[in-house]
Every structure is written in structure tokens, then in C-alpha cells.
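Protein chains in written order, with my numbering: chain X, 3 to 315; chain A, 250 to 508.
Below is one structure; the comments refer to it alone.
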């Protein structure tokens, strides 16, 4: 288990990583002096539950962007992600590398993206798990890519916004996930801002997930980032009618009572902790939410562990 | 001690906030280990006569003045705003003033905005600018406000060189550009929408502007406080004295209030 209370070694590592990646602490002229001072534990951890760093956490939704699977790959961003996870007590990062920006890419580009995830899994085998990104529009090649990635140890499939999940073109992907007992994590948002919607017209919302779940009730379907931008209250209300849809808690929006509402209205067993790279904020909102210790453990890691414990096909 | 410089009192028209009154806010801060907060009035953003919101805020925080430091909201498009500002700054006295140009229908660049900046600079109190209350991707159909642009901050900083700024709930700030605009030593930025780890936005701002430019902020009651508490906990590499600056001392010194 990589997480532990902060120690002088942790501080040195934090300073080293920060300095190596941006040089910021060194430029500020505070590296050595900061490391030498005693850690002000009472002030630093004020307001947080005791032992929050060592609470077990699995991040169900993250990414390894900025990494090309080549010999001279730049690992800096992944290394910062790993360092952040270790500081926050996150033991598992479930990562993908989707093709974004509204593109429908060739299958070679998709394979390259997945190869980056496989490289990260190989470099950090205990920490990083992989989702296979595919575009349903790639047809049979997308299904072959899923097999390739799952055979290489990935845990599931990640779809982005190239197609609505209620579109029949997605059905073979869902059927492949069922056959391989793989997780299906989908990008989601109920966008109410016309400009945002124009940029992502095929982003699926909770009712699209519901339609797919109703067609395939045996599919392990995860609505990605309930706080990823979009009306999360709308999404939670919509999901009440679709008990087979899980959700993850990630996203840059940290709005109060999101987690409480998810748990009260959907049940805590449907809620998976995740960050989608909003690292401290997404840990903090689980710590702030009014959950029992058992509910918090389930959300932080046990719900995902139950899914991973199923025997793969 | 923790001093939160990004907090509000009052209802919000587009979402049911769980903490609305000053008493509820103080109880919420207590549950999260936070001693004091700089609070603005949400009704003052949405009332046509903004100053009525100020009056309500001052009355509401009166029993909690050791805990809550109120901010006056000014609308330079409304008649008599200069008197409102003077009353707030000289009589109450407000330790900071906020402008909400997107909600009050003007820009900082147009004459009304420039007049307000000039008066606030002359009053010698910091100007609090909130980049946004909520993410626009979830906006209500009646919510037309855009995020404030940092270019407006650069321009205001250069045009009014004695004006001090509290930048609340901002993301995407470039410390070097803020320094170029002359803001080193006259800006206080909360980290509610920034990361200490991974993206390292907070350490980068500290490198560019000094640790005295950063303060704890949570954007409560809109957001969970826990995220900001986790960020503060991960600034422990700063050492005790500088962590204390971020936790509360920078806020007290910048606002020129008693510790």
C-alpha cells in the first residue's frame, strides 16, 4: 500500500517532484528551508477526518495524457499523477487515453492511445489499471482492439463523445463488454450551456446511459464524472429510474452535497470514487460528504473492488 | 487557525444551498475547523438595489463579527453608488469591496467599471473579484453570466496601480503575467479552483508572486470545503511559518484586520 502519513522523506519527494517538473519551489527559494522546518501537523490536517491519507482509495476514472508510447516518452505528467496519488493515499488509478476534441480518429491512432495506457500499466503495475478507449464507428476493428487490450490486462472499456450511447452503433461494444465481463465507463454530461453543447453535441447524458442499461441490464455501466461539468442534479434525478447504472464522483466541479445526493437518492453501492485528475478536490469531497464509515469505504474503494473481483471471461 | 477568503451568505437563485444564513455558515465553518471567513452577500448580487443586500449582510453578521468579515458589493450602474461605497467603507467599515460586472451588466473597461475601480482605489480597500459562482456548463436558462476574464484584471491592475486585488475562485491564472501587470505584493489569491499536487498551480503561483499572494479559500457554501482542506494539508512542504501565512495570516494582513 503506497499511502502513509507524511514523513520527511515524503516532503523531500514532494519538493523534488515539484522542482523537477516546474522548478517552482527551487525558484521560490524555499526548498531546503521548507524541508528542514518541522511539519505543522495540527494546522495542516485541520478539519479533515483522522487518518484520511491512509484511507484506502481506488480512482475509477483518470487518464494518462501527455504520454506517447515510444522509447523517448515524456513521463513527467504521469510521474506527477503518480506522486499525487501516493500523497493522497490513492492505491489504484484506472486510466484511459481517449481521443478528444471532437475527432473521429483512425484505428491506428486509437491503438497508439491504448499503447500509451499499456506502457503506463507496465511501468506502474500495482498502481495503474487500464481502460481500452475505442470509437464504435471503427466497427470490427474497435471490437478487436477491445480484445487486444483486455487480453493485455485492461479492466474495461472507455467511450468518449464520438457517439451517443443510445446509438445502435454502440450496441456491439456493450455486447463485447458483457461477453468479456469488462467495465464500460462512459464520458457524460447534461450540458445546459449552448456553447458547450455545440462543442460536444454527442455527449451522452444520464438518460442515454439509462437507455443502454435498459437494453443491456447485465452490462456494468458507469456514468463518468457526475461533476465533470453539466447539471449533476438533473443526472442524479434521471439515474433514479435506472438501477443498473453506476456513477463515478470525478470532475472539476466540487459542489456541495453532490456526493450526499448520489448516496441518498441512488444508494452508496452505485457510487465509485474517482478524480479525473482533479486530485485533492475529489478526495476532499468524499471526506466532506456525510457518509458512514462503511459507506465511505465502499465509495472510496470497495465498490470498485467488487467489480474487479468478478472473474473475467 | 484557518481563514477562508472565499465564502458567501444568502440564498442562490439557481441551486438550493444547504448553508444560507450567517449562523448556519458559522456552524458549517466550525464543523470544518475553520475559524474565520471573508463573506460576500449573494442577495447583493441579484437585488436590483445592491446596497439593500449590503445592509442585510451587515445586520446578519453583526452577532458573528469575530468570525465573519463582511464584503460590500457595489453596483456602479445604480444611482447613488458612490454614497453606498462611502457608507460601507467609512462607516461600517467594510474591509473589502466586490464588483460583479457580469451580473450587474457592465464591464470593468467601460466608464462605469472604471469609475468604480477609481473610487475603490481611492478608498484604499481591496477589490474582490470572483471569476464565477458556478460552472457555466450547468447554467440555468436565466443565468447569462460569463466567467470574468483575467485580461480585465491585468488592465485594471495597470490602470490603477494602487488598487489591491482579492482574486476569488479563479482558475487558469498565470503568475508571471500577474507579476508583469504589477500585481506582486498587491494581490491575494485563493486556491479553491487550483491544485497543489499534479497540476501544481499553487506552487507555480507561489514561485511567481511569493507565498504572501496565496490564501485558503473554499467557495463555501457552493462547494465542499474538504477539497481545500486537502490542498492546505499538501502544502506542508512550505514549513510551519509559510503554511500559517496561507492558512490565515496573509488574509489578516491583506485585509488589515486584527488577528
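Even glycine gets a Cβ: it sits at the ideal position worked out from N, Cα and C.
Within the region 272-301 of chain X, the residues whose Cβ lies closer than 8 angstroms to some Cβ of chain A are 279, 280, 281, 282, 283, 284, 285, 286, 287, 288, 289, 290 and 291, listed in chain order. Here residue 500 of chain A is near residue 254 of chain A, since their CB atoms are less than 7 angstroms apart. Annotation: the continuous beta strand (DSSP E) that includes residue 255 of chain A extends over 252-258. Residue 380 of chain A and residue 181 of chain X have their C-alpha atoms spaced approximately 48 angstroms apart. Close to chain A, meaning a Cβ-Cβ distance shorter than 8 angstroms, are the following residues of the region 83-111 of chain X: 83, 85, 86, 89 and 90. Interface criterion not met: the Cβ of residue 177 of chain X is under 7 angstroms from no Cβ in chain A. The beta carbons of residue 215 of chain X and residue 265 of chain X sit no closer together than 7 angstroms.
Taking a 10 Å sphere around the C-beta of residue 197 of chain X, we find fewer than 16 other C-beta atoms and assign the residue as exposed. Contiguous alpha helix (DSSP H) elements confined to the region 46-94 of chain X occur at 78-90, taking only those with 4 or more residues. If one requires a minimum length of 3 residues, the beta strand (DSSP E) runs lying completely within the region 268-353 of chain A are 285-290, 317-319, 321-323 and 346-348, in chain order. For the pair residue 58 of chain X and residue 272 of chain X, the Cα-to-Cα distance works out to about 18 angstroms. The beta carbons of residue 465 of chain A and residue 86 of chain X sit no closer together than 7 angstroms. The three-state reading of DSSP puts residue 261 of chain A in strand, counting E and B together.
By the neighbour-count criterion, in which a residue is buried when 16 or more other Cβ atoms sit within 10 angstroms of its Cβ, residue 335 of chain A is exposed. In this structure the region 111-129 of chain X does not lie against the region 161-174 of chain X, because fewer than three pairs of beta carbons, one per stretch, are closer than 8 angstroms. Nearest in C-alpha terms to residue 289 of chain A, of all of A/363, A/297, A/344 and A/486, is A/344. Secondary structure of residue 399 of chain A (DSSP, three-state): helix. DSSP places residue 257 of chain X within a strand segment (E or B) once states are collapsed to three.
For residue 263 of chain A, not one C-beta of chain X is nearer than 7 angstroms to its own C-beta.
Secondary-structure assignment with DSSP links residue 119 of chain X through no beta bridge to anything. Counted as a single uninterrupted DSSP element, the stretch harbouring residue 479 of chain A is not any beta strand (DSSP E) but the alpha helix (DSSP H) occupying residues 475-482. The three-state secondary structure of residue 310 of chain X, taken from DSSP, is helix.
The alpha-carbon of residue 358 of chain A is positioned some 12 angstroms away from that of residue 397 of chain A. In summary, the residues of the region 183-210 of chain X whose CB is separated from some CB of chain A by less than 7 angstroms are 191, 193, 194, 195 and 198, in the order they occur in the chain. Annotation: residue 506 of chain A is outside any alpha helix (DSSP H) and is labelled neither H nor E by DSSP.
Looking at the backbone, the Cα of residue 166 of chain X and that of residue 318 of chain A are separated by about 48 angstroms.
Proximity to residue 269 of chain A across A/280, A/279 and A/256 peaks at A/256, based on C-alpha coordinates. Here residue 400 of chain A is exposed: its Cβ has fewer than 16 other Cβ atoms, across all protein chains shown, within 10 Å.
Only exposed fits residue 307 of chain X, as fewer than 16 other CB atoms lie within 10 angstroms of its CB. When the alpha-carbon of residue 103 of chain X is set against those of X/128, X/50 and X/203, the nearest one is in X/203. In this structure, DSSP gives residue 204 of chain X a state outside helix and strand, which the three-state scheme calls coil.
Less than 7 angstroms divides the Cβ of residue 475 of chain A from the Cβ of residue 289 of chain X. Residue 417 of chain A: member of the beta strand (DSSP E) spanning 414-417, first to last residue. In the three-state scheme derived from DSSP, where H, G and I count as helix and E and B as strand, residue 131 of chain X is classed as strand.
With the criterion set as a beta carbon lying under 7 angstroms from some beta carbon of chain X, the members of the region 445-463 of chain A are 445, 446, 447, 449, 452, 453, 455 and 456, in sequence order. Counting only Cβ-Cβ distances below 7 angstroms, residue 255 of chain X has contacts in chain A at 384, in chain order.
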